[in-house]
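Student:
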Amino acid sequence: MTSTSRTLLGTLAVTGADARTYLQGQLTADLDRLEATQVRLAGCNSPQGRVQAVLWMIERGDDIVLILPDAMIDSTAARLRKYVLRSRVNIQMRPLQVRPATLPAPLAASLRTPAASITDASREPTHIEHGTDSYVRLPGLESWLRLAGEAPIAPDEAAQFDVRLAYLRAGLPQVYPQTHEAFVAQMLNLDLLDGISFSKGCYTGQEIIARAHYRGAVKRRMFRFHAACPPPDPGTRVLAGASHAGDVVDAAAAGDGCELLAVISLAQLEQALHLEGQPAAALERMTLPYPVA
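The opening residue of the sequence shown carries number 81 in the numbering used here; numbering runs sequentially from there.
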């Protein structure tokens with residue numbers, strides 16, 4: 081397990097002959113669609129369909145590497161090990177450093193599509209292996225993340241950016257200890273981000289998630305806001321007057337205040353919203369790079 085204060089991201093490696101089959105029964109995404117050049121979003125859920133972690137997956141050699149907040153590494157590893165039983169699977173803390181980076185010039189030059197185009201508004205995730213490193217570009221991010229091996233790597237100053245704020249502006253949810261099992265996958269827009277398969281077989285929590293999908297019972301969704309205050313902690317309540325309207329998913333400092341993602345009741349979305357304990361800090365709704373029903 082490795083992370084940096086800049087990214088706050090870490091990695092787990094899932095290895096063994098049954099790794100892909102095992103994860104297929106544990107995560108919301110379809111592992112059959114995970115290709116070597118792709119990054120896939122997924123949720124890891126409780127049997128009650130509550131999201132315990134949001135992660136990105138890549139193939140790295142024979143491993144499937146999971147990228148998620150450093151604060152969730154230990155609990156997610158424990159959760160995934162819980163159901164291994166006789167499966168030929170190992171859940172390992174893999175010492176990969178996750179840092180913002182620019183593509184090495186030879187690698188960028190070898191790509192069929194110029195690097196400048198890959199980092200534009202396209203929302204197609206990208207994964208490129210280069211020697212012992214992997215370069216990952218998540219949808220909506222303007223830069224790459226480098227997953228490097230055990231040898232320390234110097235920061236790429238030309239590529240530095242606030243990963244947490246970039247995730248937020250791209251509408252990419254994270255789950256932290258404060259919001260563990262606080263949401264169902266659709267509340268975090270995982271279905272809108274192609275992070276849920278409704279056609280694959282069963283997985284943990286699938287019954288609840290499928291029921292919400294087919295019955296049209298999603299009554300809360302994640303939206304982006306600005307507030308003139310310091311970033312609130314994940315899990316901070318959002319109020320409409322004195323009524324509980326939702327909860328903060330993630331937040332980061334931006335300009336004269338902060339930007340945040342929050343899951344909000346659709347019935348209260350158009351009401352005046354504020355953070356609990358800060359009635360003067362009104363939430364101003366901002367756009368996301370994808371439509372939210």
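For each residue, glycine too, the CB sits at the ideal point set by N, CA and C.
1. By Cβ distance, which residues of its chain are closer than 6 Å to residue 105, with the 5 residues on each side in sequence left out?
2. Taking the CB atoms as reference points, tell me whether residue 437 and residue 229 lie closer together than 8 Å.
3. Report back the beta-carbon spacing between residue 306 and residue 364 to the nearest angstrom; my notes put them in contact at under 8 Å.
4. In angstroms, rounded to a whole number, what distance separates the CA positions of residue 353 and residue 132?
5. By the 10 Å Cβ neighbour count, where 16 or more other Cβ atoms means buried, how is residue 165 classified, buried or exposed?
6. Locate the beta strand (DSSP E) running through residue 320, then write down its first and last residues.
7. Tell whether a beta-carbon distance below 8 Å holds between residue 180 and residue 225.
8. Going straight from the alpha carbon of residue 144 to that of residue 302, what length do you get?
9. Under three-state DSSP, which class holds residue 164?
10. Tell me which same chain residues have a C-beta within less than 7 Å of the C-beta of residue 238, skipping the five on either side of it?
11. Taking 8 Å as the cut-off, does the segment 284-295 touch the segment 311-320 (at least 3 CB pairs, one atom from each stretch)?
12. By the 10 Å Cβ neighbour count, where 16 or more other Cβ atoms means buried, how is residue 122 classified, buried or exposed?
13. Note the first and the last residue of the continuous beta strand (DSSP E) segment covering residue 356.
14. Does the segment 338-354 come close enough to the segment 215-222 that 3 or more CB-CB pairs lie under 8 Å?
Tutor: Inspection of the coordinates gives the following:
1. Excluding residues within five positions, the ones whose Cβ falls inside 6 Å are 283.
2. Any question about residue 437 goes unanswered here, given that the chain covers just 81 to 373.
3. Yes, they are in contact, since the Cβ atoms of residue 306 and residue 364 sit about 5 Å apart, within 8 Å.
4. Each residue's CA atom was taken as its position, placing residue 353 and residue 132 some 27 Å apart.
5. Counting Cβ neighbours within 10 Å, residue 165 comes out exposed, since fewer than 16 surround it.
6. Counting along the chain, the beta strand (DSSP E) containing residue 320 begins and ends at 317-320.
7. Yes.
8. Going from the Cα of residue 144 to the Cα of residue 302 covers about 28 Å.
9. DSSP places residue 164 in the coil class of the three-state scheme, outside both helix and strand.
10. Bear in mind that a pLDDT of 48 at residue 238, under 50, signals an unreliable position, so the number given afterwards is only what the model happens to contain. Shown here for residue 238: same chain residues with a beta carbon closer than 7 Å to its own, the five before and five after excluded, namely 182 in chain order.
11. No contact exists between the segment 311-320 and the segment 284-295.
12. Around the C-beta of residue 122, 16 or more other C-beta atoms lie within 10 Å, and the residue is accordingly described as buried.
13. Under the DSSP assignment, residue 356 falls outside any beta strand (DSSP E); it carries neither an H nor an E label.
14. Not touching, per the Cβ criterion.
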